[in-house]
């Protein structure tokens, strides 16, 4: 199991900590948090080791799971088994969505965690399409400001109803935060997970250790940004993050645009035979830690019968950076 953990260190760390800080990461050493305080080594003889620069703590991924999920050694081991796909796994230990995230460490069945995501969906507010005589809530205004700052506006006739505004509680700061919540659905159309971006009142990303988090079950589910185009029914565009997918729609691209809510989820898409898939990847430089993952994902999708193509913006960054710079 130790070798398997080291080999899949990147996947495990992303499942546990969310999206990494790509600006501060480099090949084989991935950083998390605004200041990159947590580093996980993914290559070489120290693969699977982590270090917290803010506290001086360090260890293997088993100990990091115990620390982040506040659980026992046995529970951490079972959690890792679910990610590694090992047998004799009796329970999924994934972060669950709640307006109060203090219960994210509670050991509950996956079905309960999915139900919590679905409940959050019902409690959250639409970020578009509210009635003229009804003022949008404060969190809706903040989320729209966050998107507008990135050059994204919505046409309510085409915007997805799975994009919402929520209020989420952060246990570290003991505060509520407005959040952009993008809900993911499985192949049956059922909501199973959500990707949340925590914001401050000014409409910027909140200054907390991890301001982008996924709750529920993301694996195998995707966020729909724009539905399939009748003129090009065989084409699907998959973006790594929701903002990139928003930007592609904003640029006028028509078609089935979805977000994988994380690079590790790309391979879980189930294409139909002959489906043309365009992977809208970030351009994080030639030696980016994500490049090989994207290439492997494309090959996996081709093995499933798809025709794939990888596109990137010409400069470092993602398509949202390109949208902001070009308008």
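Numbering (the numbering used here), first residue to last: 456 to 782.
The beta-carbon is built from N, C-alpha and C at its ideal position, and this holds for glycine as well.
Being a predicted model, the structure only gives us computed values, none of them experimental.
For residue 686, the number of other beta carbons within 10 angstroms of its own is below 16, and it is reported as exposed.
Per the DSSP secondary-structure output, residue 633 pairs in a beta bridge with 622. In the three-state DSSP reduction, residue 728 falls in the coil class, being neither helix nor strand.
In the DSSP assignment, residue 746 falls within the alpha helix (DSSP H) that extends over 746-758.
Taken atom to atom, the span from the alpha-carbon of residue 710 to that of residue 530 is near 43 Å. Fewer than three beta-carbon pairs drawn from the region 696-705 and the region 491-505 are found closer than 8 Å, and the two stretches are therefore not classed as touching. With fewer than 16 other Cβ atoms inside 10 Å of its own Cβ, residue 727 counts as exposed. Annotated three-state conformation of residue 718 is helix, per DSSP. Taking 8 Å as the cut-off, the Cβ atoms of residue 470 and residue 497 do not count as close.
Distance from residue 701 to residue 602 at the Cβ level is roughly 7 Å; contact confirmed, criterion being Cβ atoms closer than 8 Å. One thing to note: residue 596 has its Cβ no nearer than 8 Å to the Cβ of residue 621. The C-beta distance from residue 649 to residue 572 rounds to 5 Å, short enough to meet the 8 Å contact threshold. Out of 483, 677 and 570, the CA that lies nearest to the CA of residue 719 is found in 677.
The residue from 668, 607 and 493 with its alpha-carbon nearest to that of residue 706 is 607.
The beta carbons of residue 459 and residue 539 sit closer together than 8 Å. Under the criterion of beta carbons closer than 8 Å, residue 616 and residue 581 qualify as touching, at roughly 7 Å. Pairwise C-beta distances place the region 482-497 out of contact with the region 629-648, as fewer than three of them are shorter than 8 Å.
Taking C-alpha positions only, residue 520 is separated from residue 533 by approximately 10 Å. With a cutoff of 8 Å on beta-carbon distance, residue 672 and residue 565 are scored as near each other. Rounded to whole angstroms, the gap between the alpha carbons of residue 669 and residue 716 is 8 Å.
Counting along the chain, the unbroken beta strand (DSSP E) around residue 507 starts and ends at 504-507.
Residue nearest to residue 574 within the set 638, 511 and 537 is 638 (criterion: CA-CA distance). Per the C-alpha coordinates, the member of 730, 682, 749 and 729 positioned closest to residue 708 is 682. Per DSSP, residue 667 is one residue of the beta strand (DSSP E) stretching across 667-671. Just measuring C-alpha positions, the residue of 746, 704, 729 and 703 sitting nearest residue 721 is 746. In the structure shown, the three-state DSSP call for residue 693 is strand. Sequence-distant partners of residue 508 (beyond 5 residues in either direction) whose C-beta falls short of 6 Å from its own C-beta, in its chain, are 492. When the alpha-carbon of residue 768 is set against those of 690, 734 and 759, the nearest one is in 734. In the structure shown, the three-state DSSP call for residue 484 is strand.
The beta carbon of residue 760 is closer than 8 Å to those of 726, 727, 728, 729 and 730 in its chain, skipping five residues each way along the sequence. For residue 607, there is no enclosing alpha helix (DSSP H), as DSSP marks it with neither H nor E.
Taking the Cβ atoms as the reference, residue 598 lies roughly 5 Å from residue 635, within the contact range of under 8 Å. Counting along the chain, residue 532 sits inside the alpha helix (DSSP H) bounded by residues 528-539.
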